[in-house]
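Participant: Protein chains in written order, with the working numbering: chain A, 1 to 115; chain B, 1001 to 1116. Each residue gets a CB set at the ideal place from its N, CA and C atoms; glycine is no exception.
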Amino acid sequence: GENVEQHPSTLSVQEGDSAVIKCTYSDSASNYFPWYKQELGKRPQLIIDIRSNVGEKKDQRIAVTLNKTAKHFSLHITETQPEDSAVYFCAASITGRNNFNKFYFGSGTKLNVKP
Amino acid sequence: NAGVTQTPKFRILKIGQSMTLQCTQDMNHNYMYWYRQDPGMGLKLIYYSVGAGITDKGEVPNGYNVSRSTTEDFPLRLELAAPSQTSVYFCASSPELTNLAKNIQYFGAGTRLSVL
Chain A
1 GENVEQHPST
11 LSVQEGDSAV
21 IKCTYSDSAS
31 NYFPWYKQEL
41 GKRPQLIIDI
51 RSNVGEKKDQ
61 RIAVTLNKTA
71 KHFSLHITET
81 QPEDSAVYFC
91 AASITGRNNF
101 NKFYFGSGTK
111 LNVKP
Chain B
1001 NAGVTQTPKF
1011 RILKIGQSMT
1021 LQCTQDMNHN
1031 YMYWYRQDPG
1041 MGLKLIYYSV
1051 GAGITDKGEV
1061 PNGYNVSRST
1071 TEDFPLRLEL
1081 AAPSQTSVYF
1091 CASSPELTNL
1101 AKNIQYFGAG
1111 TRLSVL
């Protein structure tokens, strides 16, 4: 099955700096790549996603890039704020029979934004 | 809409006990999932369902069972609880992929389970 690797496991940045989190995947059939933010004790919340036919997507301070050839995708957060501190998960999804989408998650990156 | 609702929020079990984690969604989604999240790790798929009456195993199904008698409900059953099943369990649902509907997953708030 699909294998998703995520780096780094922890990331500490100064408020206002940028943060970049990278993920690689193994199955070229993966066609959808969401990113989730999980605050302590809370459920994962979708923050941005990208489909395999798109190379880049931006939403205010958050952007995601996808390189299908190299099988990697990245989350970019600019002008970081203390409230960006959380654990971020990447995922890769494969559409199988019955149009069902299996999601494979990275192991998470704990982002700490220092004021 | 309530979205995806999980109960209970917390539970402590003794080794060998059994319990059912409840999950219900009111978005009329066909697809439902159960994940476990161990400390410092990502989510691992336990079981999934593509519709009422249809379930299938995910990556880590051993020690668990599921049923899907209705579109709304997808309970997860633990038989003979073991310490290795101490984890946070998330239920999720998503619409069927179409040109209009995105395959976004909606998560419940989670059930924190400890087996002692």
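(1) Is it buried or exposed, A92(A), if we count other Cβ atoms within 10 angstroms and call 16 or more buried?
(2) Does the stretch 1105 to 1112 of chain B come close enough to the stretch 40 to 49 of chain A that 3 or more CB-CB pairs lie under 8 angstroms?
(3) Which of the three DSSP states, helix, strand or coil, is assigned to E56(A)?
(4) Determine, for F33(A), whether the minimum Cβ-Cβ distance to residues of chain B falls below 8 angstroms.
(5) If you run the structure through DSSP and keep just helix, strand and coil, what is P44(A)?
(6) Just the C-alpha distance for P1039(B) and T1086(B), rounded to the nearest angstrom, thanks.
(7) Go through its chain and collect everything with a Cβ distance to S107(A)'s Cβ below 6 angstroms, but skip five positions before and after it.
(8) For Y1035(B) versus F1090(B), is the C-beta distance shorter than 8 angstroms?
(9) Report buried or exposed for D59(A), applying the criterion of at least 16 other Cβ atoms within 10 angstroms of its Cβ.
(10) So that I know if they touch, is there some Cβ in chain A lying closer than 8 angstroms to that of Q1105(B)?
(11) Using CA coordinates, which residue listed in L1078(B), T1070(B), I1054(B), T1071(B) is at the minimum distance from V1060(B)?
(12) Give the range of the beta strand (DSSP E) segment to which K1044(B) is assigned.
(13) So with CB distances below 7 angstroms, who are the chain A contacts of A1082(B)?
(14) Determine the direct distance from the alpha carbon of K102(A) to that of Y1048(B), and round the result to whole angstroms.
(15) Can you tell me which of the three DSSP states E5(A) falls into?
(16) For D1038(B), does the three-state DSSP call read helix, strand or coil?
(17) Which residue comes first and which comes last in the beta strand (DSSP E) that contains F1010(B)?
Facilitator: Answer, in terms of the structure:
(1) It is buried - the Cβ of A92(A) has at least 16 other Cβ atoms within 10 Å.
(2) These segments touch.
(3) DSSP places E56(A) in strand when its eight states are reduced to three.
(4) It does not; no Cβ of chain B falls within 8 angstroms.
(5) Three-state DSSP puts P44(A) in coil, outside helix and strand.
(6) P1039(B) and T1086(B): Cα-Cα distance of roughly 10 angstroms.
(7) Hits under 6 angstroms: Q6.
(8) The answer is yes: Cβ separation under 8 angstroms.
(9) Under this definition D59(A) is an exposed residue.
(10) Yes, because at least one Cβ of chain A sits closer than 8 angstroms to the Cβ of Q1105(B).
(11) The shortest Cα separation from V1060(B) among L1078(B), T1070(B), I1054(B), T1071(B) belongs to L1078(B).
(12) 1043 to 1051 is the span of the beta strand (DSSP E), which, as asked, contains K1044(B).
(13) In chain order: nothing, as chain A lies at least about 23 angstroms away.
(14) If you take the alpha carbons of Y1048(B) and K102(A), they lie about 9 angstroms apart.
(15) For E5(A), the secondary structure class from DSSP, reduced to helix, strand or coil, is strand.
(16) D1038(B): coil per DSSP, three-state reduction.
(17) Under the DSSP assignment, F1010(B) falls in the beta strand (DSSP E) whose first and last residues are 1010 to 1013.
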